[in-house]
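Enquirer: Sequences listed follow chains L and U, in order. Heads up: the first sequence at position 174 corresponds to 174 in the numbering used here, and the numbers run straight through without jumps. Residues are numbered in the numbering used here as their position in the second sequence, beginning at 1, plus a constant of 1000. Every residue gets a Cβ at the ideal spot worked out from N, C-alpha and C, and that includes glycine. Take this structure, written in structure tokens, and hold onto it; I'll ask about it next.
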Amino acid sequence: MSIELNDAELVLQIGSGDQNAEAELFRRMAPRVRLYGLRHLRDEAAADDLTQMVLMTTIEALRARRLREPEKLAHFVLGTCRVTVLDQRRGVQRKERILERFGPDLVKPPAMSTPYLDHDQLTRCVQNLRERERTVVVMTFFDEQTGADVAGFLGVSEANLRVIRHRAIHELRKCMEGAA
Amino acid sequence: MSNPNGGGTMKCTRPIDPAMLADYWIGIMAAPEEEAVEMHLFECDHCGDRLRQVIGLAGGIRKLAREGSLRMIVSDVFLQRVAESGIAVREYRIPPGGSVECTVTAEDDILIGRVAANLSGAKRVDMCICNENGIEQLRLRDIPVHSGRTSVAFQESITYLKSAPSMKMVMRLVGFDDEGSEQLLGEYTFNHTRSLPGPGAW
């Protein structure tokens, strides 16, 4: 069910006990929280767990009408993400507490669609890059080597490395889009 | 861009550049810049979709690197991390003017030819891949090396070599000085023997 509510209206509806609004919150925010989780936790299962924890914490706050500025829902969810990840790094067992509180009612995050990637075309596009660009993108993305490692290998500054990397990414996108 | 409906599905009027999204993904942004990107991503699904594309691209490149199917110059740090991740690396070292008997097996994931050369004074270095008669077939221009190095690690496509028949390949490194004149830095001969089942010739 799709509800045409802005964030502030959504917050107010959840505060009044509207379960459809809660479902809409999940639909709207789960992909964003999951992306945040992927970026900071580097693990799909951990990102899914984070999504559940953050959204249940959010819903709990909204049901209790603890969000003073409803139009700042996105800020609130992002802030909750940051606190939850920090807690996880500190070893605080929020997950167990949330699971205990919500138990079987915990909503499973919606499945995320992964963009299709033509592997053969990507091979051609990467091979068509300039030599430095190819080396930079492969070294960068293989295991996310630091800029200093790659810059040291090329004998360039990190600022120059950034220019090379950015140019390579634009070339790759252009090449991949051209083939689509 | 914030969607008035809160759903974030409208097309963004100020989309984040994909290269910036890549910087965000690999975690090299300054904190204020990263926070601004994150706030935008929490209000804009259009840019979220673009980030997913960047993540897909990064994953695809990582897969290509693991497959060893790219022809490219690589660093020692890269090779060390590749080996640490359980990828089998076969490496042949060869001095200037030298030749080496080489092959690939089914167990190999990445093939490296490490060619020694004096690169000092070269402003630019090209790698020329030649046939058995020394006729240039392919030139990798301005390869990523700098003058302090004494060797170049070249990754040949293992996909190609696993299907290639026995053959001789000549490789040359040529340097360019300040005036742009070309100078041979080294010539290297790889005598590849096929050790996997398959046709004896192309």
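Are the CB atoms of L:Leu129 and U:Gly1060 nearer to each other than 7 angstroms?
Expert: As a position in the first sequence, residue 129 of chain L is number 129, starting the count at 1. As a position in the second sequence, residue 1060 of chain U is number 60, starting the count at 1. No; because the gap between Cβ atoms is not below 7 angstroms, this pair is not in contact.
Enquirer: Relative to the alpha-carbon of U:Cys1047, which residue among U:Lys1063, U:Leu1064 and U:Met1020 has its alpha-carbon at the smallest distance?
Expert: The sequence position of residue 1047 of chain U within the second sequence is 47, counting from 1. Minimum Cα distance to U:Cys1047 is reached at U:Met1020.
Enquirer: The stretch 6 to 29 of chain L: which residues have C-beta closer than 9 angstroms to a C-beta of chain U, in chain order?
Expert: Flagged, chain order: Asn6, Asp7, Ala8, Glu9, Leu10, Glu24, Arg27, Arg28 and Met29.
Enquirer: Short check: CB of U:Gly1175 to CB of U:Ala1122, under 7 angstroms?
Expert: Position 175 of the second sequence holds residue 1175 of chain U. Position 122 of the second sequence holds residue 1122 of chain U. In contact: U:Gly1175 and U:Ala1122 (Cβ atoms closer than 7 angstroms).
Enquirer: List, in order along the chain, the chain U residues whose C-beta lies closer than 7 angstroms to that of L:Met139?
Expert: Counting from 1 along the first sequence, the entry for residue 139 of chain L is found at position 139. Here the neighbours are Ser1075 and Phe1078.
Enquirer: Verify whether the separation of the beta carbon atoms of U:Arg1114 and U:Ala1153 is less than 7 angstroms.
Expert: Here residue 1114 of chain U corresponds to residue number 114 of the second sequence, with the count starting at 1. Here residue 1153 of chain U corresponds to residue number 153 of the second sequence, with the count starting at 1. A contact, by the Cβ cut-off of 7 angstroms.
Enquirer: Tell me the DSSP secondary structure of U:Leu1111 in three-state form.
Expert: Residue 1111 of chain U sits at position 111 when you count from the first residue of the second sequence. U:Leu1111 falls in the strand class under three-state DSSP.
Enquirer: Identify which residue in U:Leu1173, U:Ser1069, U:Leu1051 and U:Cys1044 has its Cα closest to the Cα of U:Gly1134.
Expert: Sequence index remark: in the second sequence, residue 1134 of chain U carries index 134 (1-based). Among U:Leu1173, U:Ser1069, U:Leu1051 and U:Cys1044, the Cα nearest to that of U:Gly1134 is on U:Leu1173.
Enquirer: May I ask you to list, following chain order, the residues of the stretch 1028 to 1048 of chain U that have a beta carbon less than 8 angstroms from some beta carbon of chain L?
Expert: Correct list: Ile1028, Glu1038, Met1039, Leu1041, Phe1042, Glu1043, Asp1045 and Gly1048.
Enquirer: On the DSSP letters alone, give me the boundaries of the beta strand (DSSP E) that U:Glu1182 sits inside.
Expert: Within the second sequence, numbered from 1, the residue matching residue 1182 of chain U stands at position 182. U:Glu1182 -> beta strand (DSSP E) spans Glu1182 to His1192.
Enquirer: To test your reading of the DSSP string, which unbroken alpha helix (DSSP H) runs of 4 or more residues are found completely within the stretch 1114 to 1177 of chain U?
Expert: As far as the stretch 1114 to 1177 of chain U is concerned, its whole alpha helix (DSSP H) runs of at least 4 residues are 1158 to 1163.
Enquirer: Under 8 angstroms between beta-carbons, which chain U residues line up against L:Gln88? List them in chain order, please.
Expert: Indexing the first sequence from 1 puts residue 88 of chain L at position 88. Going along chain U, no residue has its Cβ under 8 angstroms from L:Gln88, so there is no contact; the nearest lies around 17 angstroms.
Enquirer: At a CB-CB cut-off below 8 angstroms, which residues of chain L make contact with U:Met1072?
Expert: If you number the second sequence from 1, residue 1072 of chain U lands on position 72. Correct list: Glu131, Arg134, Thr135 and Val138.
Enquirer: Could you give the first and the last residue of the continuous beta strand (DSSP E) run that contains L:Arg66?
Expert: Within the first sequence, numbered from 1, the residue matching residue 66 of chain L stands at position 66. Segment: none, L:Arg66 is in no beta strand (DSSP E) and carries neither H nor E.
Enquirer: Taking DSSP as the reference, what is the three-state secondary structure of U:Cys1102?
Expert: Counting from one through the second sequence, the residue named residue 1102 of chain U turns up at place 102. Correct three-state label for U:Cys1102: strand.
Enquirer: Can you pull the DSSP bridge partners for U:Glu1091?
Expert: Along the second sequence, read from residue 1 onward, the residue named residue 1091 of chain U stands at position 91. U:Glu1091 is bridged to U:Ile1112.
Enquirer: With DSSP run on the structure shown, which of helix, strand or coil describes U:Ile1028?
Expert: Taking the first residue of the second sequence as 1, we reach residue 1028 of chain U at position 28. Looking at U:Ile1028 - three-state DSSP - the assignment turns out to be coil, as it is neither helix nor strand.
Enquirer: Is the CB of L:Ile169 under 7 angstroms away from at least one CB in chain U?
Expert: On the first sequence, position 169 is the one that residue 169 of chain L refers to. Yes, because at least one Cβ of chain U sits closer than 7 angstroms to the Cβ of L:Ile169.
Enquirer: Does L:Asn160 have its Cβ less than 7 angstroms from a Cβ in chain U?
Expert: Along the first sequence, one-based indexing puts residue 160 of chain L at 160. Judged by the 7 angstroms Cβ criterion, L:Asn160 is not in contact with chain U.
Enquirer: Per DSSP, what kind of secondary structure is L:Val156 in: helix, strand or coil?
Expert: On the first sequence, residue 156 of chain L is found 156 positions in, with the first residue counted as 1. L:Val156 falls in the coil class under three-state DSSP.
Enquirer: Closer than 7 angstroms, CB to CB, is U:Leu1138 near chain L or not?
Expert: Indexing the second sequence from 1 puts residue 1138 of chain U at position 138. Output row for U:Leu1138: interface = no.
Enquirer: Residue range of the alpha helix (DSSP H) that L:Phe14 falls in?
Expert: For this step, residue 14 of chain L is matched to residue 14 along the first sequence. Looking at the sequence shown, residue 14 of chain L is not Phe but Ile. L:Ile14 -> alpha helix (DSSP H) spans Asp7 to Gly15.
Enquirer: In or out: L:Leu86 buried (at least 16 other Cβ within 10 Å) or exposed?
Expert: Walking along the first sequence from the start, residue 86 of chain L turns up at place 86. With fewer than 16 Cβ atoms within 10 Å of its Cβ, L:Leu86 is classed as exposed.
Enquirer: By how many angstroms is the C-alpha of L:Leu38 removed from the C-alpha of L:Leu62?
Expert: One-based indexing of the first sequence puts residue 62 of chain L at position 62. One-based indexing of the first sequence puts residue 38 of chain L at position 38. Between L:Leu62 and L:Leu38, the C-alpha separation is close to 25 angstroms.
Enquirer: Contact between the stretch 1144 to 1158 of chain U and the stretch 1071 to 1090 of chain U: three or more CB pairs below 8 angstroms?
Expert: At 8 angstroms Cβ cutoff, the stretches touch.
Enquirer: Within the continuous alpha helix (DSSP H) that includes U:Ile1055, where are the two ends?
Expert: Walking along the second sequence from the start, residue 1055 of chain U turns up at place 55. Start and end: Asp1045 to Glu1067.
Enquirer: Short of 8 angstroms in beta carbon distance, which residues of its chain neighbour L:Thr84, apart from the five on each side in sequence? Order them along the chain.
Expert: The residue labelled residue 84 of chain L in the question sits at position 84 within the first sequence. Only Leu50, Met53, Val54, Thr57 and Arg94 meet the Cβ criterion.
Enquirer: Hey, could you find the ends of the beta strand (DSSP E) U:Ile1073 is sitting in?
Expert: Stepping through the second sequence from its first residue, residue 1073 of chain U is reached at position 73. Met1072 to Val1074 is the extent of the beta strand (DSSP E) around U:Ile1073.
Enquirer: Would you mind reading off the limits of the alpha helix (DSSP H) that contains L:Asp120?
Expert: As a first step, residue 120 of chain L must be located in the first sequence, where it is residue number 120. His119 to Gln127 is the extent of the alpha helix (DSSP H) around L:Asp120.
Enquirer: Please decide whether L:Asp143 counts as near chain U, where near means a Cβ-Cβ distance under 7 angstroms.
Expert: Position 143 of the first sequence holds residue 143 of chain L. Yes, L:Asp143 lies at the interface with chain U (some Cβ there is under 7 angstroms from its Cβ).
Enquirer: Are the Cβ atoms of U:Leu1185 and U:Ala1117 separated by less than 7 angstroms?
Expert: The residue given as residue 1185 of chain U occupies position 185 in the second sequence. The residue given as residue 1117 of chain U occupies position 117 in the second sequence. The answer is yes: Cβ separation under 7 angstroms.
Enquirer: Any beta carbon from chain L within less than 7 angstroms of U:Gln1053's own beta carbon?
Expert: Translated into the one-based positions of the second sequence, residue 1053 of chain U becomes position 53. U:Gln1053 counts as touching chain L.
Enquirer: If you reduce the DSSP assignment to three classes, tell me which class L:Phe181 lands in.
Expert: Residue 181 of chain L is absent from the model: chain L starts at 1 and stops at 180.
Enquirer: Just to confirm, is the Cβ distance from U:Val1100 to U:Tyr1092 under 7 angstroms?
Expert: Start at 1 with the first residue of the second sequence, and residue 1100 of chain U comes out as number 100. Start at 1 with the first residue of the second sequence, and residue 1092 of chain U comes out as number 92. Yes, the Cβ-Cβ distance between U:Val1100 and U:Tyr1092 is below 7 angstroms.
Enquirer: Pull up the distance between the alpha-carbon of U:Cys1128 and that of U:Leu1138, whole angstroms please.
Expert: Stepping through the second sequence from its first residue, residue 1128 of chain U is reached at position 128. Stepping through the second sequence from its first residue, residue 1138 of chain U is reached at position 138. Taking the straight line joining both Cα atoms gives about 6 angstroms.
Enquirer: Given a threshold of 16 other Cβ atoms within 10 Å of its Cβ, counted over all protein chains shown, does L:Ala21 qualify as buried or as exposed?
Expert: Taking the first residue of the first sequence as 1, we reach residue 21 of chain L at position 21. Buried, since its Cβ has 16 or more Cβ neighbours within 10 Å.
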